[in-house]
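Visitor: I have a structure I would like to understand better, so I am pasting it below and will then ask my questions one at a time.
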């Protein structure tokens, strides 16, 4: 068993954490949040999502936020389609997370197109990224392409079953198309150590050792540490988390929050696994963030 | 990876949970506690310890408790030496846990003899158990011999290091001598998933598949679920826990409580692993127990 000496935490508070929160931050506050996360030692932050303001109004300032953080590293933006990719590319983000879903029903709710269409869009994105061009033809350089599979460990809908082999199929297609990092998300928060381990091992075997797998957990049943342990044992060393356990997909009924960044960092440190992150810096940022959200609710 | 369908919970509240508690139960209350645990579906309860009343006065009624529970199954008693074994045998318990320590300093504090002497006593106990006789020659039948190693994952003393190979050596001697079940205890509560997994695998490889390994966790750093997950992945399916997270060795400075029975049962059920235990029955027993302990403190 090869345990890691260190792991990479990708904080997704500014994107997943805020997209469905009670209260809203101003663009300036979002930028401040991201900078505080980088200052606390988080190396990768999912800073925003280039999604339709019609569906996720809280992300309508994606350009403002991303442009302001152009000099930070690593900035990641979620994109659900080609249009989102173009918008992201224009702002100079370092990486984009292209998201599809292992649940056909969630795929339709969240992406508003079937999986095959999403994968087709990802192929066009990857081609354009390879040639360094945007749709408009302007050369704005390459971004790191991340592929992510929502609902990889369970469906939000009781009449749907997620089959690990299907998740592995999607993973393989994303990687063959050009994803250099592969996220598996427990969007519904129903993962157990068994399912997490089996799915991660199966996906890892399919996509090979060269493609880092990222685990994105929501925590409905407080099995987070068990899932993290199982993931470490499956060789996964990148975890997506959010401050205060905020977050949840707006298109999942009763969606549980993300796994809490502070908890995960604390667990890792107690296990003797380095994160490069300052726990005190995280705590201060969380306090400030929750205060800001509360103040926004009070104003509204 | 073979995940278990079910696990066995050995509740050690009446022994480890009470030995260092604030407040004391009467013998009648201890008996009621044990019966309530069996009623809730716990199949094995460590009902008492046959230790010197001088060192652990709260266990001075071991005979009363054990005799009253003679018809319950499975009753387990901890014994630190031959004298304790003889006392246990006379009461008709189903199993005894003979305890040694992987920490030489803790061995001396807790058992008041070096490891070699403890192991010598265990050999004599095993011989007598084989021939079905007590020291006095009366035929009181066999008991199930359990061997247990305290401090298997860390020492209470900063100038001592616990080496997994040493733990495996002791385990092998206990099993060769006659232990049919082998407990590894994180007496200090410093285990991490890495250390727990590596130690369990090493011990398992040494003692073979035929001897069930029992994990007894204390939880200083709230890594319990991670340690449990690592243990399940190492093939361990028996766990010792205590209600309310009570307990701790009187001879370990600032000893943390046991892993909480309710928590562990809840985790297992959420993972889809059966325990045969009724969560509501546990909760009622815990409420009653904590009330009884508080009342005892108030009286004192």
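Chains as they are written, first to last, in full-length UniProt numbering: chain A, 1 to 300; chain B, 1 to 300.
All residues carry an ideal CB built from backbone N, CA and C; glycine is no exception.
Predicted, not measured: the structure shown is a model, and the values here were computed from it.
May I ask you to list the residues that DSSP assigns as paired with residue 8 of chain B?
Guide: According to DSSP, residue 8 of chain B bridges with B:238.
Visitor: How long is the line joining the alpha carbons of residue 197 of chain A and residue 5 of chain A, rounded to whole angstroms?
Guide: If you take the alpha carbons of residue 197 of chain A and residue 5 of chain A, they lie about 19 Å apart.
Visitor: Are residue 56 of chain B and residue 11 of chain B touching if we call contact CB-CB under 7 Å?
Guide: Contact flag unset, no.
Visitor: Between which two residues does the alpha helix (DSSP H) harbouring residue 215 of chain A extend?
Guide: Careful: residue 215 of chain A lies outside any alpha helix (DSSP H), inside the beta strand (DSSP E) at 213 to 217.
Visitor: From the DSSP output, in three-state form, read off residue 76 of chain A for me.
Guide: If DSSP states are grouped into helix, strand and coil, residue 76 of chain A belongs with the strands.
Visitor: With 7 Å set as the bound, which would you pick, yes or no: does the beta-carbon of residue 5 of chain B sit closer than that to a beta-carbon of chain A?
Guide: By this cut-off, residue 5 of chain B is not an interface position.
Visitor: Name, please, each residue of chain A whose Cβ falls closer than 9 Å to the Cβ of residue 267 of chain B.
Guide: Neighbours of residue 267 of chain B on chain A, chain order: 221, 222, 223 and 226.
Visitor: I need the straight-line Cα distance from residue 140 of chain A to residue 90 of chain A, nearest angstrom please.
Guide: Confidence in residue 140 of chain A is poor, its pLDDT being 49 and thus under 50, which makes the residue's placement unreliable; the coordinate value appears in the next sentence. Approximately 7 Å, taken between the alpha carbons.
Visitor: What runs of the alpha helix (DSSP H), each 4 residues or longer, lie entirely inside the segment 245 to 277 of chain A?
Guide: Segments of the alpha helix (DSSP H) lying fully in the segment 245 to 277 of chain A: 261 to 270.
Visitor: Pull up the DSSP beta-bridge partners for residue 125 of chain B, would you.
Guide: Looking at the DSSP assignment, residue 125 of chain B forms no beta bridge with any residue, so it has no partner.
Visitor: For residue 246 of chain B versus residue 17 of chain B, is the C-beta distance shorter than 7 Å?
Guide: Cβ atoms of residue 246 of chain B and residue 17 of chain B: closer than 7 Å.
Visitor: What are the uninterrupted segments assigned as alpha helix (DSSP H) that are 4 or more residues long and contained completely in the segment 126 to 204 of chain A, given in chain order?
Guide: Complete alpha helix (DSSP H) runs here, min 4: 164 to 177.
Visitor: Using the C-alpha atoms, what's the distance from residue 67 of chain A back to residue 214 of chain B?
Guide: If you take the alpha carbons of residue 214 of chain B and residue 67 of chain A, they lie about 56 Å apart.
Visitor: Chain A partners of residue 230 of chain B, CB-CB under 8 Å?
Guide: Chain A residues near residue 230 of chain B: 229 and 233.
Visitor: Roughly how many angstroms lie between the CA atoms of residue 92 of chain B and residue 144 of chain B, to the nearest whole one?
Guide: Each residue's Cα considered, the two are about 11 Å apart.
Visitor: Does the CB of residue 192 of chain B have a neighbour CB from chain A at under 7 Å?
Guide: Residue 192 of chain B counts as touching chain A.
Visitor: Hey, residue 126 of chain A and residue 178 of chain A: beta-carbon distance below 7 Å or not?
Guide: It is a contact, given that the beta carbons lie within the stated cut-off.
Visitor: Considering only the beta carbon of each residue, do residue 167 of chain A and residue 102 of chain A sit closer than 7 Å?
Guide: The answer is yes: Cβ separation under 7 Å.
Visitor: For the alpha helix (DSSP H) containing residue 101 of chain B, list its first residue and its last residue.
Guide: No alpha helix (DSSP H) holds residue 101 of chain B; the beta strand (DSSP E) holding it covers 95 to 101.
Visitor: Under 7 Å, Cβ to Cβ, is there at least one residue of chain A near residue 271 of chain B?
Guide: True, the Cβ-Cβ gap to chain A drops below 7 Å.
Visitor: Could you say if the segment 184 to 195 of chain A and the segment 148 to 162 of chain B meet the contact criterion of at least three C-beta pairs nearer than 8 Å?
Guide: At 8 Å Cβ cutoff, the stretches do not touch.
Visitor: Grab me the residues of residue 211 of chain B's own chain with a C-beta within less than 8 Å of its C-beta, minus the 5 sequence neighbours each way, in chain order.
Guide: If we look at residue 211 of chain B and ignore the five residues flanking it on each side, its Cβ neighbours are 175, 179, 180, 181 and 182.
Visitor: Determine the DSSP secondary structure at residue 343 of chain A, reduced to helix, strand or coil.
Guide: It is not possible to answer for residue 343 of chain A, since the shown part of chain A is limited to 1 through 300.
Visitor: Would you kindly work out how many angstroms separate the C-alpha atoms of residue 58 of chain B and residue 257 of chain B, rounded to a whole number?
Guide: Taking the straight line from one Cα to the other gives about 17 Å.
Visitor: Skipping 5 residues on each side, what residues in its chain have a beta carbon closer than 8 Å to that of residue 220 of chain A?
Guide: Within the same chain, residue 220 of chain A has close Cβ partners 188, 189, 190 and 256.
Visitor: How many angstroms separate the CA atom of residue 201 of chain A from the CA atom of residue 240 of chain A?
Guide: When rounded, the distance between both Cα atoms is 18 Å.
Visitor: CA-CA distance, residue 153 of chain B and residue 23 of chain B?
Guide: When rounded, the distance between both Cα atoms is 29 Å.
Visitor: What is the DSSP secondary structure of residue 49 of chain B, reduced to helix, strand or coil?
Guide: DSSP places residue 49 of chain B in strand when its eight states are reduced to three.
Visitor: Can you give me the C-alpha to C-alpha distance between residue 296 of chain A and residue 289 of chain A, rounded to a whole angstrom?
Guide: So the two alpha carbons sit approximately 11 Å from each other.
Visitor: Taking Cβ-Cβ distances shorter than 9 Å, what residues in chain A pair up with residue 198 of chain B?
Guide: Near residue 198 of chain B (Cβ distances below 9 Å), the residues of chain A are 1 and 3.
Visitor: Can you tell me where the alpha helix (DSSP H) holding residue 38 of chain A begins and where it ends?
Guide: Here the alpha helix (DSSP H) through residue 38 of chain A covers 27 to 39.
Visitor: Going straight from the alpha carbon of residue 13 of chain B to that of residue 114 of chain B, what length do you get?
Guide: Approximately 27 Å between the Cα atoms of the pair.
Visitor: Are residue 75 of chain B and residue 47 of chain B closer than 7 Å when you measure CB to CB?
Guide: Yes, the pair counts as a contact, with Cβ atoms nearer than the cut-off.
Visitor: Determine the burial state of residue 1 of chain B: buried for a count of at least 16 other Cβ atoms within 10 Å of its Cβ, exposed for fewer.
Guide: Classification of residue 1 of chain B: exposed, given that the 10 Å Cβ count is below 16.
Visitor: So, for residue 108 of chain A: in the same chain, excluding its five sequence neighbours on each side, which residues have a beta-carbon less than 8 Å away from its beta-carbon?
Guide: Closer than 8 Å at the Cβ level, and outside the excluded window around residue 108 of chain A, lie 114.
Visitor: For the alpha helix (DSSP H) containing residue 288 of chain B, name the first residue and the last one.
Guide: Taken as a continuous stretch (DSSP letters only), the alpha helix (DSSP H) holding residue 288 of chain B covers 279 to 299.
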